[in-house]
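When you line the sequence shown up against UniProt numbering, it's residues 1 to 384, in that order.
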Amino acid sequence: MENSISFVKLVSVSVCPDVFNKISDGFFIRDNMKLANLDALFYFYMWGDEDYNECEFRIENNQVLYAYALKNNPYKKTYLDVRTTGNSRECGCRGDELFSSSLDSYKTCEYLFGGLHFSSTPDSSILSALSRIRTVKGRFIIENTDLKDLSFFGIFTRFEIKNIGLKDEVFINIRNNTKMTGLGMNTFRSNGEFQYDWENNRLVNLENLHPDFCLTIREMEVFLKYNVFFVNIHAKYCKEIDYFENLKVCTFNNMSSLEGDCDYVIGNLNIESNDEKYVMKLGKVTHLFGSLKIENTTFKDLNFLSGLKYIASLDESKPAIQLKSNKELRKASLPSVENIITRRKQFVLIEDNHPKLFNSSQFYKMFNPTFQARSKYLSTKYHL
């Protein structure tokens with residue numbers, strides 16, 4: 001078979017010749033009556049075509065093969081579109097065959113290969129068949145449905161994406177679901193994960209949902225941790241505040257009433273004239289679920305925010321960071337920041353400070369080199 005490779009009548013797959021490095025169109029392991037393991041795949045990295053698309057990969061009709069072991073492969077993030085059928089135990093089910101396959105086979109599945117796409121409201125039997133899914137491998141699209149949430153994913157925790165290359169492709173697209181008021185995936189909320197290849201273009205779109213659609217603090221914490229970027233984020237924060245063990249969560253009203261030693265701050269953090277004496281309270285803050293505004297102060301630098309790692313503002317009316325009219329502010333550095341999420345395209349406003357301080361057009365100078373590069377690239381395109 002040209003540009004593909006098949007295994008025939010193997011007992012096991014072990015380290016193989018260099019010919020494997022030249023596979024371009026397909027990789028097939030099929031019809032091997034005695035094949036028992038896939039150990040050799042632990043040594044392969046499956047590279048795609050010139051557009052970074054995955055090649056066809058099938059593991060079929062190997063009667064004693066325990067294909068489920070593929071889930072432990074160290075390069076499993078390169079195997080998002082595998083088809084496994086007719087083996088002793090499969091590694092997962094196909095999300096793109098959900099509407100054409102027997103639902104019974106999905107009721108014990110933990111992995112969905114090929115992503116998942118709902119373009120209309122699915123039948124309740126479809127939703128119940130997904131209750132054991134833990135991982136979706138590939139694009140996740142929920143659009144044009146009447147779903148109120150995604151709670152049918154009872155134990156779901158993990159998105160796996162292949163984002164090699166610079167194609168700006170949204171991998172989670174939840175849009176035009178006008179009755180959806182929240183994600184509702186409780187296990188993801190507490191233990192959510194993203195697996196990906198490259199640092200940039202991890203794009204999520206939450207668009208045209210119910211006006212009351214909200215994200216919990218825990219859900220936002222997951223998006224921040226894995227450096228997700230939003231094309232649109234039509235959401236607000238849910239009113240209930242999550243419990244975080246061993247973390248102090250504070251709600252901001254003003255600097256004078258803010259408690260000290262807060263790890264997470266919820267609300268728009270406004271630091272104004274005469275608040276300088278209170279900023280020692282911010283020394284432990286790592287997460288801000290709101291915007292940051294520093295105005296009319298006498299600060300010369302922002303060292304009191306040196307531990308701040310994440311900012312997520314869902315207030316569309318203001319940038320995530322504002323530095324205004326701080327006449328002595330010569331150095332504005334937030335060296336620990338790893339991700340910023342906001343509904344506005346302009347997410348930093350810097351104006352009327354000390355003449356030696358850079359302005360909004362050079363906002364990226366606030367950040368460490370890693371986040372500088374990412375923020376410069378994405379701020380030109382997305383609502384970072």
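Idealized CB from N, CA, C, for every residue including glycine.
All figures in this text were calculated on a predicted structure; none of them were measured in a lab.
| Asked | Found |
| --- | --- |
| Under a three-way DSSP split, which group does phenylalanine 363 fall into? | helix |
| Just confirm the distance between the C-beta atoms of aspartate 263 and valine 249, as a whole number of angstroms; I'd bet it's less than 8 Å. | 7 Å |
| Evaluate tyrosine 243 with the Cβ neighbour count: other Cβ atoms within 10 Å of its Cβ, from every protein chain shown; 16 or more gives buried, anything less gives exposed. | exposed |
| Less than 8 Å between the C-beta atoms of arginine 94 and alanine 67, yes or no? | no |
| Relative to the C-alpha of proline 369, which candidate in Tyr111, Glu338, Lys327, Asn296 has its C-alpha closest? | Glu338 |
| Tell me, to the nearest whole angstrom, how far the beta carbon of threonine 181 is from that of phenylalanine 213; I am working on the premise that it is less than 8 Å. | 5 Å |
| Candidates Asn205, Asn254, Glu245: which alpha carbon is nearest residue 466's? | Absent from the model: residue 466. The displayed extent of the chain is 1 to 384, so no value can be given. |
| Based on the DSSP secondary-structure assignment, which residues constitute the bridge partners of phenylalanine 113? | Arg94 |
| Which residues in the same chain have their Cβ closer than 6 Å to the Cβ of arginine 30, if we skip the five residues on either side of it in sequence? | Glu60, Asn61 |
| Should glutamate 50 be labelled buried (16 or more other beta-carbon atoms within 10 Å of its own) or exposed? | exposed |
| By DSSP, does asparagine 186 sit in helix, in strand, or in coil? | helix |
| So that I know if they touch, is there some Cβ in chain C lying closer than 8 Å to that of lysine 293? | Here there is only one protein chain, and chain C is not present. |
| On a CA-only basis, which of Lys318, Ile350, Glu316, Ser379 is nearest arginine 330? Give me that one, please. | Ile350 |
| Taking the beta strand (DSSP E) that tyrosine 264 falls in, what are its first and last residues? | 264-266 |
| Taking its Cβ as the centre, do 16 or more other Cβ atoms sit within 10 Å of asparagine 32, making it buried, or is it exposed? | buried |
| Secondary structure at isoleucine 233, three-state DSSP: helix, strand or coil? | strand |
| Find the nearest neighbour of asparagine 37 within the set Gln63, Glu54, Gly26, Phe57, judged by alpha-carbon distance. | Gln63 |
| Under 8 Å, do asparagine 353 and leucine 334 count as touching if we go by C-beta distance? | no |
| Could you spell out the range, first to last residue, of the alpha helix (DSSP H) harbouring alanine 129? | 124-129 |
| Report all residues from its chain with a CB closer than 7 Å to the CB of phenylalanine 371; omit the five preceding and five following residues, and keep chain order. | Val337, Glu338 |
| DSSP state of tyrosine 106, grouped into three classes? | helix |
| Can you name the start and end residues of the beta strand (DSSP E) that glutamate 60 belongs to? | 56-60 |
| Out of curiosity, what's the CA-to-CA distance linking lysine 365 and aspartate 123? | 51 Å |
| Quick check on alanine 312: does DSSP put it in helix, strand or coil? | strand |
| Helix, strand or coil for asparagine 173? Go by DSSP, reduced to three states. | strand |
| Distance check for phenylalanine 363 and isoleucine 341, CA to CA, integer angstroms please. | 15 Å |
| What residue ranges within the UniProt domain "Receptor L-domain" (261-362) form continuous beta strand (DSSP E) runs of no fewer than 3 residues, ordered along the chain? | 264-266, 269-271, 287-289, 292-295, 310-313, 321-324, 339-342, 348-351 |
| In whole angstroms, what separates the C-alpha of serine 379 from that of glutamine 346? | 7 Å |
| Drop a sphere of 10 angstroms on the beta-carbon of aspartate 146, count the other beta-carbons inside from all chains shown, and report buried for 16 or more, exposed for fewer. | exposed |
| Please work out which residues of its chain come closer than 6 Å, Cβ to Cβ, to threonine 121, disregarding the five sequence neighbours upstream and downstream, and give them in chain order. | Thr145, Asp146 |
| State yes or no: is the C-beta of glutamate 276 within less than 8 Å of the C-beta of threonine 251? | no |
| Between leucine 116 and phenylalanine 140, is the Cβ-Cβ spacing less than 8 Å? | yes |
| Quick check: the Cα distance between tyrosine 377 and valine 170, rounded to an integer number of angstroms? | 16 Å |
| If I follow the unbroken alpha helix (DSSP H) through glutamate 219, where does it start and stop? | 217-225 |
| Beta-carbon separation of serine 291 and serine 256 under 8 Å? | no |
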